[in-house]
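Report on one structure; see the data block that follows.
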Amino acid sequence: MAQIVVEDLRKRFVVAERRAGMLGALAGVVRRRHRVVEALAGVGFRVDEGELVGYIGPNGAGKSTTVKVLAGILVPDGGRCEVQGRVPWLERVEHVARIGVVFGQRTQLWWDLPVVESFELLREIYRVDRQQYRVRLDALVNALDVGAVLDVPVRQLSLGQRMRCDVVAALLHAPQLLFLDEPTIGLDAPAKLAVREFVRRLNRERGTTVILTTHDMDDIEALCSRVVVIDHGRISCDGSLDHLRERAGVGRRIIVDLERDEPLAPTDARVVSREGTRVVLAFDPVRTPAAALVARITREHAVRDLFVENPPIEEIVARLYGEADARGEAEPRPEPREDPS
Amino acid sequence: MRAYVAIFEARFRALLQYRAAALAGLATQVFWGLVRVMIFTAFYASSTGAQPMTLPEVITYVWLTQALLMMLPWRPDPDVEQLIRSGNVAYELVRPVDLHGLWLARAVAQRTAPVLLRCLPMVVLAYSVFGMAGPAGPLPALAFAVSLCATVALSAALTALLSVSTFFTLTGRGLHSLVIGVLNLMSGAIIPLPLLPEWIQPLVRVLPFRGLLDTPFRLYMGHLPPEAALQAVGHQLLWTVLLVLAGRWLLARALRRVVVQGG
Numbered sequence: 007m008a009q010i011v012v013e014d015l016r017k018r019f020v021v022a023e024r025r026a027g028m029l030g031a032l033a034g035v036v037r038r039r040h041r042v043v044e045a046l047a048g049v050g051f052r053v054d055e056g057e058l059v060g061y062i063g064p065n066g067a068g069k070s071t072t073v074k075v076l077a078g079i080l081v082p083d084g085g086r087c088e089v090q091g092r093v094p095w096l097e098r099v100e101h102v103a104r105i106g107v108v109f110g111q112r113t114q115l116w117w118d119l120p121v122v123e124s125f126e127l128l129r130e131i132y133r134v135d136r137q138q139y140r141v142r143l144d145a146l147v148n149a150l151d152v153g154a155v156l157d158v159p160v161r162q163l164s165l166g167q168r169m170r171c172d173v174v175a176a177l178l179h180a181p182q183l184l185f186l187d188e189p190t191i192g193l194d195a196p197a198k199l200a201v202r203e204f205v206r207r208l209n210r211e212r213g214t215t216v217i218l219t220t221h222d223m224d225d226i227e228a229l230c231s232r233v234v235v236i237d238h239g240r241i242s243c244d245g246s247l248d249h250l251r252e253r254a255g256v257g258r259r260i261i262v263d264l265e266r267d268e269p270l271a272p273t274d275a276r277v278v279s280r281e282g283t284r285v286v287l288a289f290d291p292v293r294t295p296a297a298a299l300v301a302r303i304t305r306e307h308a309v310r311d312l313f314v315e316n317p318p319i320e321e322i323v324a325r326l327y328g329e330a331d332a333r334g335e336a337e338p339r340p341e342p343r344e345d346p347s
Numbered sequence: 091m092r093a094y095v096a097i098f099e100a101r102f103r104a105l106l107q108y109r110a111a112a113l114a115g116l117a118t119q120v121f122w123g124l125v126r127v128m129i130f131t132a133f134y135a136s137s138t139g140a141q142p143m144t145l146p147e148v149i150t151y152v153w154l155t156q157a158l159l160m161m162l163p164w165r166p167d168p169d170v171e172q173l174i175r176s177g178n179v180a181y182e183l184v185r186p187v188d189l190h191g192l193w194l195a196r197a198v199a200q201r202t203a204p205v206l207l208r209c210l211p212m213v214v215l216a217y218s219v220f221g222m223a224g225p226a227g228p229l230p231a232l233a234f235a236v237s238l239c240a241t242v243a244l245s246a247a248l249t250a251l252l253s254v255s256t257f258f259t260l261t262g263r264g265l266h267s268l269v270i271g272v273l274n275l276m277s278g279a280i281i282p283l284p285l286l287p288e289w290i291q292p293l294v295r296v297l298p299f300r301g302l303l304d305t306p307f308r309l310y311m312g313h314l315p316p317e318a319a320l321q322a323v324g325h326q327l328l329w330t331v332l333l334v335l336a337g338r339w340l341l342a343r344a345l346r347r348v349v350v351q352g353g
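Protein chains in written order, with the numbering used here: chain A, 7 to 347; chain B, 91 to 353.
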């Protein structure tokens with residue numbers, strides 16, 4: 007069943023522009039220049055129950071705006087949006103009682119209270135039954151290993167501890183839908199792994215639907231079966247990681263370590279780079295089966311070592327973003343309009 | 091309702107932590123109170139005309155002002171202001187509670203906890219050393235207590251309204267200095283309201299600000315008879331309701347055009 011339905015979602019922001027310099031500042035007092043930024047220019051997708059979807063895009067592409075609309079924080083200018091059968095901004099209170107949200111760059115814990123008191127407050131706010139609360143809190147505290155910091159005021163926590171506590175806070179009311187907005191930003195490797203592993207289990211074992219926005223492609227590779235790419239306020243790609251790879255047309259890689267320094271240039275593969283005896287080739291696995299290519303190279307050359315790999319997702323994404331940028335340049339940008347205010 | 095009470099309690103407890111600030115504030119307010127008493131004493135000594143209040147009444151009024159100064163809605167709830175400026179207000183919006191109710195609950199804590207820390211030692215000191223009089227009788231004391239509760243509500247409603255206004259002004263410093271000016275003059279924080287010129291009295295009577303200090307004080311002193319209490323408290327409550335409605339209306343508008351700062 008579709009848990010999220012988004013169709014043709016639009017949102018624009020009016021940004022006041024300040025001109026540089028003293029004269030510019032003075033001019034700004036009299037007449038402000040405004041620029042319209044189209045954060046969402048017709049976004050549409052569906053998410054089914056139990057999915058774990060990665061929502062990615064370059065900075066300013068509209069990721070956070072989408073999440074904020076879905077979470078009932080922002081009111082869009084147009085389009086349709088239903089989450090668990092509700093329109094988020096029209097039934098905000100009922101809606102948010104059933105979702106969990108973590109904004110990685112912010113904290114929902116009360117700055118000057120010990121962690122556990124923040125949890126207690128959230129229990130009251132979400133009207134969680136005391137018995138249930140205790141069971142859930144125990145399970146979450148164990149899974150995320152934050153038992154030792156429960157009595158510490160939030161301001162004294164490290165970023166990793168704080169983030170894990172924030173995840174606990176978002177799940178105390180057992181939402182069926184969880185929004186994670188850059189949950190691993192700024193975390194060290196062990197903390198990242200802990201959060202990732204927890205999210206994976208939450209999705210697998212409890213069937214919680216998760217929407218994950220991130221710049222960390224390892225998060226995506228480790229967790230998401232489906233990736234939605236947004237760019238310039240539009241969905242530019244929606245599908246599995248394999249689909250994404252195909253779309254980007256990066257193909258597969260074959261890395262060959264030759265015995266001798268000799269030329270290697272098969273007709274059905276492209277040389278990506280060459281460093282001494284190491285040659286990196288790119289090929290399209292649909293047109294050129296990997297096995298055939300490998301067989302031919304080993305037959306014609308003396309090969310010391312050879313391996314085939316998928317290009318790192320960073321590269322695919324960079325390629326997709328670059329592509330969209332090229333498209334974006336061709337489109338006329340909205341003109342800055344001036345209006346006195 | 092339990093959620094709002096829980097928020098109030100948490101905020102109240104957090105505010106009670108600031109004991110050093112309370113002590114420093116107490117010292118400043120006692121000093122300031124002495125200066126004001128001296129000024130009024132000099133004023134009464136040199137004045138020949140009849141005044142609408144006696145000097146002892148003015149002195150009591152001044153000490154009550156000093157004791158309850160922190161109840162005035164000087165500025166928005168600093169936490170809410172910070173939430174809006176940093177964009178953390180996003181988290182407030184994903185709570186299944188009414189946002190204005192939430193901020194009202196915090197404002198009540200904001201306007202009571204600091205007062206609680208300071209007013210008792212101040213009143214004891216002023217009463218035993220600096221010539222502050224007790225309430226005019228049991229009925230005026232009761233009227234004062236009731237009116238003071240209405241003051242808390244009125245002050246919280248104004249604080250919440252100021253908090254909401256931060257959505258539009260972001261820093262709000264300009265608006266707040268304006269508010270402080272009006273507040274000081276119209277509530278009686280600088281000069282007891284009966285001493286203000288005749289021509290401004292109609293305005294003073296209509297505006298909500300007298301309900302913040304002047305109304306409970308004059309009930310305390312019996313300067314307003316207890317029979318007038320009903321009308322006085324009615325004025326406070328009417329304004330509380332109006333300000334709550336204004337706050338809710340403004341918040342609804344703000345949320346339709348909200349921009350969450352910082353991505």
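Backbone N, C-alpha and C define an ideal beta-carbon position, used for all residues, glycine too.
{"Item": "Length of the line joining the Cα atoms of R92(B) and I131(A)", "Value": "8 Å"}
{"Item": "Cα-Cα separation between R343(A) and V20(A), rounded to whole angstroms", "Value": "Note on R343(A): pLDDT 42, under 50, position unreliable in the model; no value is reported."}
{"Item": "Any chain A beta carbon closer than 9 Å to Q200(B)", "Value": "no"}
{"Item": "Residue range of the unbroken alpha helix (DSSP H) whose run includes E306(A)", "Value": "296-306"}
{"Item": "Paired residues, beta bridge with A8(A) - DSSP", "Value": "D54(A)"}
{"Item": "Proximity of E13(A) and G78(A) at Cβ, strictly below 9 Å", "Value": "no"}
{"Item": "9 Å Cβ cutoff, Q114(A) in contact with chain B", "Value": "yes"}
{"Item": "Alpha carbon of A271(A) to alpha carbon of R259(A), nearest angstrom", "Value": "14 Å"}
{"Item": "Reduced DSSP category for R101(B) - H, G, I as helix; E, B as strand; rest coil", "Value": "helix"}
{"Item": "Cross-chain neighbours of L183(B) in chain A, by beta carbon under 8 Å", "Value": "A77, G78, I79, R98, V102"}
{"Item": "Chain B residues whose Cβ lies nearer than 7 Å to that of Y132(A)", "Value": "P186"}
{"Item": "For A22(A): DSSP bridge partner residues", "Value": "H40(A)"}
{"Item": "Exposed unless 16 or more other CB atoms sit within 10 angstroms - verdict on W339(B)", "Value": "exposed"}
{"Item": "Any chain A beta carbon closer than 9 Å to R346(B)", "Value": "yes"}
{"Item": "Residue environment, D187(A), which counts as buried when at least 16 other CB atoms sit within 10 Å", "Value": "buried"}
{"Item": "Members of the stretch 268-297 of chain A that neighbour chain B once the beta carbon cut-off is set at 9 Å", "Value": "none"}
{"Item": "Beta-carbon spacing of F307(B), P282(B) below 9 Å", "Value": "yes"}
{"Item": "CB of P1(A) within 9 Å of CB of L15(A), strictly", "Value": "The question about residue 1(A) has no answer, for chain A in this structure spans 7 to 347."}
{"Item": "Contacts around I191(A), its chain only, beta-carbon distance under 6 Å, and the 5 residues preceding and following it disregarded", "Value": "G110"}
{"Item": "Proximal residues, the stretch 192-221 of chain A versus chain B, C-beta separation under 7 Å", "Value": "none"}
{"Item": "9 Å Cβ cutoff, E123(A) in contact with chain B", "Value": "yes"}
{"Item": "Neighbour-count burial assignment, M276(B), 16 or more Cβ in a 10 Å radius", "Value": "buried"}
{"Item": "C-alpha distance - G221(B) paired with D144(A), whole-angstrom precision", "Value": "58 Å"}
{"Item": "Assigned exposure category for P94(A) - 16 Cβ within 10 Å defines buried", "Value": "buried"}
{"Item": "Residue-level contact to chain B via CB, V158(A), 9 Å cutoff", "Value": "no"}
{"Item": "S347(A), DSSP secondary structure in three states", "Value": "Note that S347(A) scores 37 on pLDDT, short of 50, meaning its location in the model is unreliable; the coordinates nonetheless yield the value given after this. Looking at S347(A) - three-state DSSP - the assignment turns out to be coil, as it is neither helix nor strand."}
{"Item": "9 Å Cβ cutoff met for V49(A) and G213(A)", "Value": "no"}
{"Item": "First and last residue of the uninterrupted alpha helix (DSSP H) at S176(B)", "Value": "168-176"}
{"Item": "Short Cβ contact (9 Å threshold) for L248(B) with L302(B)", "Value": "yes"}
{"Item": "Straight-line gap, R339(A) to V43(A) (C-alpha atoms, nearest Å)", "Value": "Low confidence applies to R339(A): its pLDDT is 41, below 50, so where it sits in the model is not reliable enough to give any reading."}
{"Item": "Range of the contiguous alpha helix (DSSP H) that encloses I226(A)", "Value": "223-229"}
{"Item": "Supposed close pair A103(A), V53(A) - CB separation, criterion 8 Å", "Value": "Between V53(A) and A103(A) the Cβ distance is about 19 Å, and since that is not below 8 Å, they are no contact."}
{"Item": "Distance between F102(B) and A199(B) (C-alpha atoms, nearest Å)", "Value": "5 Å"}
{"Item": "Helix, strand or coil at Y132(A) according to DSSP, with G and I counted as helix", "Value": "coil"}
{"Item": "Buried versus exposed, by CB contacts within 10 Å (16 or more), L333(B)", "Value": "buried"}
{"Item": "Per-residue contacts from F109(A) into chain B (C-beta, under 8 Å)", "Value": "A180, Y181"}
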